[in-house]
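Data block below; observations after.
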Amino acid sequence: MVDAKPQLLHLVMGGRVTDPQKVEFQDLKDIHTVGYFADYTSAEEAWRSWAQRTVDDAEMKYVIVHLHRLLEPELPAQHS
Numbered sequence: 144m145v146d147a148k149p150q151l152l153h154l155v156m157g158g159r160v161t162d163p164q165k166v167e168f169q170d171l172k173d174i175h176t177v178g179y180f181a182d183y184t185s186a187e188e189a190w191r192s193w194a195q196r197t198v199d200d201a202e203m204k205y206v207i208v209h210l211h212r213l214l215e216p217e218l219p220a221q222h223s
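The sequence shown begins at 144 in my numbering and counts up one residue at a time.
In structure tokens:
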């Protein structure tokens, strides 16, 4: 059996923020959920794609949320 990489769930989302220096969205109903990803690399690719589409709009921000850290905080921290 092949050793499978552990699933480290990530969420990529974005929307218009109240201040470009913060992550407070103007309207939660308008948040764009890009998707859920099993590893950081996949999430980063999706984040980069969407962030670059809105690079000229300072009020638009896309972020990666490390859901695996919220769901299993007792696990050791990993860059993923």
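Just so it is clear, CB atoms sit at the ideal spot from N, CA and C, and this is done for glycine as well.
DSSP places H209 outside any alpha helix (DSSP H), giving it a letter other than H or E. If only complete runs of 4 or more residues are kept, the stretch 158 to 214 shows the alpha helix (DSSP H) at 183 to 196, 210 to 214, in order along the chain. Residue pairing by DSSP places L151 in no beta bridge whatsoever. W193 is a Cβ neighbour of V177, given a cutoff of 8 Å. Using a Cβ distance threshold of 8 Å, A181 and V155 do not count as a contacting pair.
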